[in-house]
Amino acid sequence: MHFTQDQLQAIADALADTSAGLTGSEIAFLLRTCEIRDTDPSITKRHRLYNAFACEQNTRGDRIRILGFIRKAMKPTRFAREPERFEPMRANVNRALAFAGMSVDAAGKLGPAAKAATLGEAERRAKELRADLLSRGVHSDVLSFCRQELLHDNYFHAVLEAVKSVADKLRKRTGLLDDGAILVDHAFGGQKPMLAINALMTKSEQDEQKGFVNLLKGTFGMFRNPTAHEAKVNWAMSKEDAEDLLSLVSLIHRRIDKAIMPPRA
0 MHFTQDQLQA IADALADTSA GLTGSEIAFL LRTCEIRDTD PSITKRHRLY
50 NAFACEQNTR GDRIRILGFI RKAMKPTRFA REPERFEPMR ANVNRALAFA
100 GMSVDAAGKL GPAAKAATLG EAERRAKELR ADLLSRGVHS DVLSFCRQEL
150 LHDNYFHAVL EAVKSVADKL RKRTGLLDDG AILVDHAFGG QKPMLAINAL
200 MTKSEQDEQK GFVNLLKGTF GMFRNPTAHE AKVNWAMSKE DAEDLLSLVS
250 LIHRRIDKAI MPPRA
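Taking numbering that gives the first Met the number 0, the leading residue of the sequence shown gets 0, the next gets one more, and so forth.
As C-alpha cells, this is what we get:
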C-alpha cells in the first residue's frame, strides 16, 4: 500500500512541526536509521522530510520504511528527557494519520484506526458534544475542551484534557506543584486539609471529604498525566461515555470552586 501525496505531506508536516515536532538533527538520525535517503538536508524540515518520504516510496514502491520511521519517531523512550513533547507530537501525527486509517497509541504503537473522511467530522463531533453538555448545565471550565482538534480521532482526548484541568485548578488554588494522588492528598487530606468541601465538623462531613478524595484519585487514576514517563491508558470512547465522564469532571470542578480553605493555625 502507498500513502497519497496529500497524506505524505500531512505526515511530514506533523512530524516536522515547528513547535512540537522533530528537530533537524533528529530527522537526520531517524532517516539514517531507517535507511531512507536524505535527499534535501538543507531545506525546511517539513519539505526535507516530505521529499525524503516521497523519494523512498517512489523508489521502493511501498511505504514500509516510512512506517518504520513513524514507529521509531514515536517511541516513548525517545522522550524520556522531554516527556512534555510526546503528547503534542502524537496528537499532530494522529491528525495526519487519521486520513490513512492509522494512529499511534499512547505506548507509541502504530496501528489501524477508523478512517476519517473529512475534517468536518471532527467539527460535527465537537458541536454535538458541546450542545449536549450545555443542555446538562456542565461547568464552563469543561466546555472549553469540546474542541475540534481534540475530537479528531475520538472523544478520549477531550476527557483527558478536562481531567488535566482539574489538577491545574487544584495547583492554582493551593500553590502546590504535585500531581495525581499526591496532589489530592496534600490538598484535601489530613486532619487540617488545605481545602475542604464542607465544614468538616461532623462524622458525615468528614466522610464526605474522604469520599471526594477517593473520587478525585479514581478520576486521575483513569486518565494518567501524559507528561509522565509511563504510557497512559487510552481507548476508543463513545460520545455517551464522554458526556458522562465530562459531567463527572464538571461536578468535581464545582466542588473545588466552592471548597473553602480552613484555618491551619
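Glycine included, every Cβ here is placed at the ideal spot set by N, Cα and C.
Here the structure is a predicted model, which is why all the values come from computation and not from measurement.
Where DSSP assigns a beta bridge to Ser102, which residues make up the other side? Within the sequence shown, residue 102 is the residue found at index 103, counting from 1. Partner(s): Gly110.
Measure the alpha-carbon distance for Asp104 versus Asp131 and round it to whole angstroms. Here residue 104 refers to the residue found at position 105 when the sequence shown is read from its first residue. Here residue 131 refers to the residue found at position 132 when the sequence shown is read from its first residue. Roughly 28 Å separates the two Cα atoms.
So, under 8 Å CB-CB, Arg94 and Ala125 are touching, yes? Tell me the CB distance rounded to an integer number of Å. Translated into positions along the sequence shown, residue 94 becomes position 95. Translated into positions along the sequence shown, residue 125 becomes position 126. The Cβ separation is near 14 Å, so there is no contact.
Can you give me the start and stop residues for the alpha helix (DSSP H) that Ala90 sits inside? Working through the sequence shown from its first residue, we reach residue 90 at position 91. Segment Phe85 to Leu96, the alpha helix (DSSP H) holding Ala90.
Distance, Gln190 Cα to Cys33 Cα: As a first step, residue 33 is located in the sequence shown; it is residue number 34 there, counting from the start. As a first step, residue 190 is located in the sequence shown; it is residue number 191 there, counting from the start. Near 57 Å, if we compare the C-alpha coordinates of Gln190 and Cys33.
For His185, report the span of its alpha helix (DSSP H) as first-last. Your numbering for residue 185 matches position 186 in the sequence shown. Gly179 to Phe187 is the extent of the alpha helix (DSSP H) around His185.
Contact under 8 Å by Cβ, Lys44 with Ile26: Translated into positions along the sequence shown, residue 44 becomes position 45. Translated into positions along the sequence shown, residue 26 becomes position 27. For Lys44 and Ile26, yes; Cβs fall inside 8 Å.
Does DSSP put Ile251 in a helix, a strand or coil? Looking up residue 251 in the sequence shown gives position 252. Ile251: helix per DSSP, three-state reduction.
With DSSP as the reference, label Ala195 as helix, strand or coil. If you number the sequence shown from 1, residue 195 lands on position 196. In the structure shown, Ala195 sits in a strand (DSSP, three-state: E or B).
Close beta carbons around Glu204, own chain, < 7 Å, minus the five adjacent residues each side: Mapped onto the sequence shown, residue 204 falls at position 205. So the qualifying residues of the chain are Asn197 and Ala198.
In three-state DSSP terms, what is Ile259? Position 260 of the sequence shown, counted from the first residue, corresponds to residue 259. Three-state result, Ile259: strand.
Report the start-end ranges of each alpha helix (DSSP H) in the region 128 to 160 that is 4 residues or longer and not cut off at the edges. 139 to 142
So the alpha helix (DSSP H) Asp206 belongs to, where does it begin and stop? Position 207 of the sequence shown, counted from the start, is the residue given in the question as residue 206. Its alpha helix (DSSP H) spans residues Lys202 to Met221.
Confirm, please, whether the CB-CB distance from His1 to Arg64 is below 8 Å. Counted from its first residue, the sequence shown places residue 64 at position 65. Counted from its first residue, the sequence shown places residue 1 at position 2. No; because the gap between Cβ atoms is not below 8 Å, this pair is not in contact.
Out of Glu120, Gly119 and Leu96, which one is the CA nearest neighbour of Leu109? For this step, residue 109 is matched to residue 110 along the sequence shown. Ranking Glu120, Gly119 and Leu96 by Cα distance to Leu109 puts Leu96 first.
Is Lys163 buried or exposed, if buried means 16 or more other CB atoms sit within 10 Å of its CB? Reading the sequence shown from its first residue, position 164 is the one you call residue 163. Answer is buried; the Cβ neighbour count reaches 16.
Starting from Gly23, follow the alpha helix (DSSP H) in both directions and report where the run begins and ends. Taking the first residue of the sequence shown as 1, we reach residue 23 at position 24. Gly23 to Thr32 is the extent of the alpha helix (DSSP H) around Gly23.
Supposed contact pair Gly188 and Asp212 - C-beta distance, whole angstroms, cut 8 Å: Along the sequence shown, one-based indexing puts residue 212 at 213. Along the sequence shown, one-based indexing puts residue 188 at 189. Here the sequence assigns Val to residue 212, which means Asp is not the residue at that position. Sure, about 6 Å apart at Cβ, within 8 Å.
Can you give the Cα-Cα distance for Ile42 and Thr58, rounded to whole angstroms? Position 43 of the sequence shown, counted from the start, is the residue given in the question as residue 42. Position 59 of the sequence shown, counted from the start, is the residue given in the question as residue 58. Distance between the alpha carbons of Ile42 and Thr58: 21 Å.
By how many angstroms is the C-alpha of Gly217 removed from the C-alpha of Val158? Here residue 158 corresponds to residue number 159 of the sequence shown, with the count starting at 1. Here residue 217 corresponds to residue number 218 of the sequence shown, with the count starting at 1. Cα to Cα, the separation comes out at about 14 Å.
Applying the 10 Å Cβ sphere with the 16-neighbour rule, what's the burial state of Pro192? The residue given as residue 192 occupies position 193 in the sequence shown. Counting Cβ neighbours within 10 Å, Pro192 comes out buried, since at least 16 surround it.
What number of angstroms, rounded off, separates the C-alpha of Leu150 from the C-alpha of His156? Here residue 150 is taken as the residue at index 151 of the sequence shown, counted from 1. Here residue 156 is taken as the residue at index 157 of the sequence shown, counted from 1. Computed Cα separation, rounded: 7 Å.
With DSSP collapsed to three states, give me the class of Pro75. For the purposes of this step, residue 75 is taken as residue 76 along the sequence shown, with counting starting at 1. Pro75: helix per DSSP, three-state reduction.
Counted within 10 angstroms of its Cβ, other Cβ atoms place Leu133 as buried (16 or more) or exposed: Numbered from its first residue, the sequence shown carries residue 133 at position 134. With fewer than 16 other Cβ atoms within 10 Å, it is exposed.
Given Ala79 as reference, the closest of Arg135, Ala106, Asn91 and Leu48 once Cα atoms are compared: The residue you call residue 79 lines up with position 80 of the sequence shown. It is Ala106 whose Cα lies nearest to the Cα of Ala79.
Under 8 Å, do Arg172 and Leu194 count as touching if we go by C-beta distance? Taking the sequence shown and counting its residues from 1, the one referred to as residue 172 is at position 173. Taking the sequence shown and counting its residues from 1, the one referred to as residue 194 is at position 195. Their beta carbons are under 8 Å apart, which means Arg172 touches Leu194 by this criterion.
In terms of residues, what are the limits of the alpha helix (DSSP H) holding Phe2? On the sequence shown, position 3 is the one that residue 2 refers to. Taken as a continuous stretch (DSSP letters only), Phe2 belongs to no alpha helix (DSSP H), as it is neither H nor E.
Between the C-alpha atoms of Arg77 and Ser249, what's the straight-line distance to the nearest angstrom? For the purposes of this step, residue 77 is taken as residue 78 along the sequence shown, with counting starting at 1. For the purposes of this step, residue 249 is taken as residue 250 along the sequence shown, with counting starting at 1. So the two alpha carbons sit approximately 35 Å from each other.
Cβ pair Phe144, Ala166 closer than 8 Å: The residue you call residue 144 lines up with position 145 of the sequence shown. The residue you call residue 166 lines up with position 167 of the sequence shown. In this structure, Ala166 does not lie closer than 8 Å to Phe144 by Cβ.
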